[in-house]
Amino acid sequence: MNDCIFCKIANGEIPAATIYEDDEFRVILDLGPASKGHALILPKEHAANIYELPDELAAKAMILAKKMATKMTEKLGCDGFNIVQNNGEVAGQTVFHFHMHLIPRYADDGVKLGWVPGTLTDEVKEEVLEKLHE
Ligand code: AMP
Ligand code: ZN
Numbered sequence: 121m122n123d124c125i126f127c128k129i130a131n132g133e134i135p136a137a138t139i140y141e142d143d144e145f146r147v148i149l150d151l152g153p154a155s156k157g158h159a160l161i162l163p164k165e166h167a168a169n170i171y172e173l174p175d176e177l178a179a180k181a182m183i184l185a186k187k188m189a190t191k192m193t194e195k196l197g198c199d200g201f202n203i204v205q206n207n208g209e210v211a212g213q214t215v216f217h218f219h220m221h222l223i224p225r226y227a228d229d230g231v232k233l234g235w236v237p238g239t240l241t242d243e244v245k246e247e248v249l250e251k252l253h254e
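Residue numbers (this note's numbering): 121 to 254.
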């Protein structure tokens, strides 16, 4: 993927504020942070989204997210933590190289993530259960 910015950042071709690196991942500070310390976990191997991500990297990314959340909470003194991962334009993805957002949360930080809760109707519940229940 020669024109993927996160491939270039993850592999060190473009500099970024790196807070963690190993053979398979780089964790950088987001240039448009939602809060102090907002960071991104980037796999070095290109996958556009979660559907393309190999299982082994998906598992390692989650373990790394836990490790980073623990360290960031301890060192930054945040009061809570969101881990966000967007897939597809309609879901808010703007860079099409898989990444996980690590968003430290502070009391009264004004960060807005979320949705307006709807109502689970019987009709929709039955439809979805029929499609997804194994
Ligand atoms: P998403 O909307 O989930 O695709 O998130 C993309 C994120 O990447 C946004 O939070 C951007 O602020 C961030 N971003 C885009 N380009 C860069 C960059 N060159 N370095 C660091 N963060 C970036
Ligand atoms: Zn890429």
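Just so it is clear, CB atoms sit at the ideal spot from N, CA and C, and this is done for glycine as well.
All figures in this text were calculated on a predicted structure; none of them were measured in a lab.
query: Who are the near neighbours of R225 in its chain, counting only those whose CB is closer than 8 Å to its CB and skipping five residues on each side?; result: S155, C198, D199, G200, F201, N202 and V231
query: Taking one C-beta from the region 245 to 252 and one from the region 181 to 197 each time, how about it: are there three or more such pairs within less than 8 Å?; result: no
query: Is H217 near the ligand ZN, going by C-beta to nearest heavy atom under 7 Å?; result: yes
query: E144 and L196: beta carbons closer than 8 Å?; result: no
query: Alpha carbon to alpha carbon, what distance is there between E243 and I148?; result: 44 Å
query: Using a threshold of 8 Å, state whether the C-beta atoms of A181 and F216 are closer than that.; result: no
query: Taking the alpha-carbon of K191 as reference, which of D142, D150, G157 and E254 has the nearest alpha-carbon?; result: G157
query: Which partner residues of I148 appear in the DSSP bridge assignment?; result: T138 and L160
query: In the DSSP output, what is E222 paired with across the bridge?; result: What sits at residue 222 in the sequence shown is Leu, not Glu. Paired residues: A159 and I203.
query: Out of A136, K164 and L162, state which residue places its alpha-carbon closest to the alpha-carbon of L151.; result: A136
query: In angstroms, rounded to a whole number, what distance separates the CA positions of G132 and V204?; result: 24 Å
query: Can we count N206 as close to the ligand AMP, meaning its CB is less than 7 Å from some heavy atom?; result: yes
query: Should G212 be counted as a contact of the ligand AMP given a C-beta to heavy atom distance under 7 Å?; result: yes
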